[in-house]
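Encoded as structure tokens, the structure appears first; notes follow it.
Numbering (full-length UniProt numbering), first residue to last: 1 to 313.
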């Protein structure tokens, strides 16, 4: 039986919170991450597309930019750079896995662009924090020197904020679909995709960050996937997260997810966008489901003994 799957690898799951994000750490983390999805990608009955986050990696490039007091590298170019970097690491890790297991299957990492609406309200109210934390004085100086917008972030300092528009369309979706249907493992949509808008009759990159989980849900819909797997740095979805009465949820219906979202159970900057993306993907399709977990718990989650599975009803 054919399974149609989209796997979203979280950027923070690829780089540990206590790591510096060196080249060697990144390669090692990606290799470990791929081991967790070994059974999925090795099964020739599975059609698989893989997306990935890039927040820590883009943040490192931005920090290098900031040290030069220059916006020399546009944000959308940083997206492209990290798509190539992480896509290569993921592709190589899978190829090495297949080589050791003597599995013949093609893997291809793509640099992908995603159309957003130039009139999206996000451009009028940038609220996606990226990059390093700075003092108020340093942030004001950088605003004067470069023109970026900085906002205070949870009492930890000031960070640059950029628009996070909704993804509308993968420009390369035709090619992605062709590869997917042929059984090629496609690595695409890194960091939510490189955001572009239409200016006159041409596409043009724009400084913004597309939420990677929203982009993953869009891709999963376009590929008519049955299952989306969101791999992050927690073992599943919890209610009352971080409190004494925290409770992990193993099974959740779409209706329950909608209600929990309305109740404010999921933080805007972490689990909230993931749940919204889950709802976008599943809709009212009773055949679709989503698994949210971490790399360590994936096998158990697939077997129904870990993580969180969300389904229509």
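Every residue gets a Cβ at the ideal spot worked out from N, C-alpha and C, and that includes glycine.
>> Tell me the rounded alpha-carbon separation between residue 304 and residue 54.
In response: The residue labelled residue 304 in the question sits at position 304 within the chain shown. The residue labelled residue 54 in the question sits at position 54 within the chain shown. Taking the straight line from one Cα to the other gives about 29 angstroms.
>> Are the CB atoms of residue 22 and residue 57 within a distance shorter than 8 angstroms?
In response: Position 57 of the chain shown, counted from the first residue, corresponds to residue 57. Position 22 of the chain shown, counted from the first residue, corresponds to residue 22. It is not a contact, given that the beta carbons lie outside the stated cut-off.
>> Tell me the DSSP secondary structure of residue 285 in three-state form.
In response: Position 285 of the chain shown, counting from 1, holds the residue named residue 285. Residue 285 falls in the coil class under three-state DSSP.
> Looking only at C-alpha atoms, which of 312, 117, 97 and 38 sits nearest to residue 227?
Replying inline: Walking along the chain shown from the start, residue 227 turns up at place 227. Of 312, 117, 97 and 38, the residue nearest in Cα terms is 312.
> Ends of the alpha helix (DSSP H) at residue 23?
Replying inline: By one-based count along the chain shown, residue 23 stands at place 23. From DSSP, the alpha helix (DSSP H) with residue 23 extends over 23-36.
>> Give me the residue from 238, 245, 269 and 276 with the minimum Cα distance to residue 255.
In response: Taking the first residue of the chain shown as 1, we reach residue 255 at position 255. Checking every option, the nearest Cα to that of residue 255 belongs to 276.
> Going by alpha carbons, who is nearest to residue 65 out of 178, 170 and 146?
Replying inline: Locating residue 65 in the chain shown gives position 65, where the first residue counts as 1. Cα-wise, what sits closest to residue 65 is 146.
>> Tell me the rounded alpha-carbon separation between residue 310 and residue 33.
In response: The residue you call residue 310 lines up with position 310 of the chain shown. The residue you call residue 33 lines up with position 33 of the chain shown. Whole-angstrom Cα-Cα distance: 22 angstroms.
> DSSP three-state call for residue 52: helix, strand or coil?
Replying inline: Position 52 of the chain shown, counted from the first residue, corresponds to residue 52. Of the three classes helix, strand and coil, the one that applies to residue 52 here is strand, per DSSP.
>> So, under 8 angstroms CB-CB, residue 170 and residue 219 are touching, yes? Tell me the CB distance rounded to an integer number of Å.
In response: As a working note, residue 170 is residue 170 in the chain shown. As a working note, residue 219 is residue 219 in the chain shown. Sure, about 6 angstroms apart at Cβ, within 8 angstroms.
> CA-CA distance, residue 166 and residue 199?
Replying inline: In the chain shown, the residue the question calls residue 166 occupies position 166. In the chain shown, the residue the question calls residue 199 occupies position 199. Cα to Cα, residue 166 sits roughly 18 angstroms from residue 199.
> Who pairs with residue 227 in a beta bridge, going by DSSP?
Replying inline: The residue you call residue 227 lines up with position 227 of the chain shown. Answer is 5 and 289, bridged to residue 227.
> residue 250 and residue 8 look like a contact to me (Cβ under 8 angstroms); what is the Cβ gap, rounded to whole Å?
Replying inline: Residue numbering aside, residue 250 sits at position 250 when the chain shown is read from its first letter. Residue numbering aside, residue 8 sits at position 8 when the chain shown is read from its first letter. About 20 angstroms; that fails the 8 angstroms criterion.
> What is the C-beta distance between residue 185 and residue 48, in whole angstroms, given that I count them as a contact (C-beta under 8 angstroms)?
Replying inline: Residue mapping note: residue 185 aligns to position 185 of the chain shown, counting from 1. Residue mapping note: residue 48 aligns to position 48 of the chain shown, counting from 1. 5 angstroms between Cβ atoms; contact.
> For residue 179, which option in 112, 128, 106 and 120 has the closest C-alpha, if you only look at C-alpha atoms?
Replying inline: Mapped onto the chain shown, residue 179 falls at position 179. The residue with the shortest Cα to Cα distance from residue 179 is 106.
> Based on the DSSP output, what are the partners of residue 256 in its beta bridges?
Replying inline: If you number the chain shown from 1, residue 256 lands on position 256. Note: residue 256 sits in no beta bridge, so no partner.
> Does DSSP classify residue 144 as helix, strand or coil?
Replying inline: To locate residue 144, count along the chain shown from 1; it is residue 144. Helix, per DSSP.
>> On the CB-based measure, 16 or more other CB atoms within 10 Å of its CB, does residue 334 come out buried or exposed?
In response: What is shown of the chain runs 1 to 313, which leaves residue 334 out entirely.
> Leaving out the 5 sequence neighbours to the left and right, which residues in its chain are closer than 6 angstroms to residue 52 when beta-carbon positions are compared?
Replying inline: Here residue 52 corresponds to residue number 52 of the chain shown, with the count starting at 1. These residues qualify, in order along the chain: 9, 86 and 190.
> Cα-Cα, which of 92, 61 and 97 is closest to residue 80?
Replying inline: By one-based count along the chain shown, residue 80 stands at place 80. Per the Cα distances, 61.
> Taking C-alpha atoms, which residue in 265, 116 and 213 lies nearest to residue 238?
Replying inline: Start at 1 with the first residue of the chain shown, and residue 238 comes out as number 238. Cα-wise, what sits closest to residue 238 is 265.
>> Taking the straight line between their C-alpha atoms, what separation do you get for residue 288 and residue 136?
In response: Along the chain shown, read from residue 1 onward, the residue named residue 288 stands at position 288. Along the chain shown, read from residue 1 onward, the residue named residue 136 stands at position 136. Distance between the alpha carbons of residue 288 and residue 136 is about 46 angstroms.
>> For a test of the three-state rule: what should DSSP assign to residue 103, helix, strand or coil?
In response: Locating residue 103 in the chain shown gives position 103, counting from the first residue. Here residue 103 sits in coil by DSSP.
>> Cutting at 7 angstroms between CB atoms, please list the residues of its own chain near residue 273, excluding the five before and the five after it.
In response: For this step, residue 273 is matched to residue 273 along the chain shown. Closer than 7 angstroms at Cβ, skipping near neighbours: 211, 213 and 214.
>> Three Cβ pairs or more, each shorter than 8 angstroms: is that satisfied between the region 147-157 and the region 127-134?
In response: yes
> Assuming residue 45 contacts residue 104 under a Cβ cut-off of 8 angstroms, what Cβ separation, rounded to an integer in Å, is found between them?
Replying inline: The residue labelled residue 45 in the question sits at position 45 within the chain shown. The residue labelled residue 104 in the question sits at position 104 within the chain shown. Not quite, the Cβ-Cβ distance comes to about 15 angstroms (not below 8 angstroms), so this is no contact.
>> Among 202, 124, 229 and 206, whose alpha-carbon lies nearest the alpha-carbon of residue 77?
In response: Position 77 of the chain shown, counting from 1, holds the residue named residue 77. Of 202, 124, 229 and 206, the residue nearest in Cα terms is 206.
> How close, in whole Å, do the beta carbons of residue 5 and residue 225 come, if the pair is a contact with beta carbons under 8 angstroms?
Replying inline: Start at 1 with the first residue of the chain shown, and residue 5 comes out as number 5. Start at 1 with the first residue of the chain shown, and residue 225 comes out as number 225. Their Cβ separation, rounded to whole angstroms, is 6 angstroms, which keeps residue 5 and residue 225 in contact under 8 angstroms.
>> Please state whether the Cβ-Cβ distance between residue 223 and residue 177 is less than 8 angstroms.
In response: Taking the first residue of the chain shown as position 1, residue 223 is located at position 223. Taking the first residue of the chain shown as position 1, residue 177 is located at position 177. A contact, by the Cβ cut-off of 8 angstroms.
> Between 263, 252 and 293, which lies nearest to residue 282 when the distance is taken from Cα to Cα?
Replying inline: Numbered from its first residue, the chain shown carries residue 282 at position 282. Taking only the C-alpha atoms, the option nearest residue 282 is 252.
> Taking the runs of the alpha helix (DSSP H) that are 4 residues or longer, which of them lie wholly in the region 182-247?
Replying inline: 212-222
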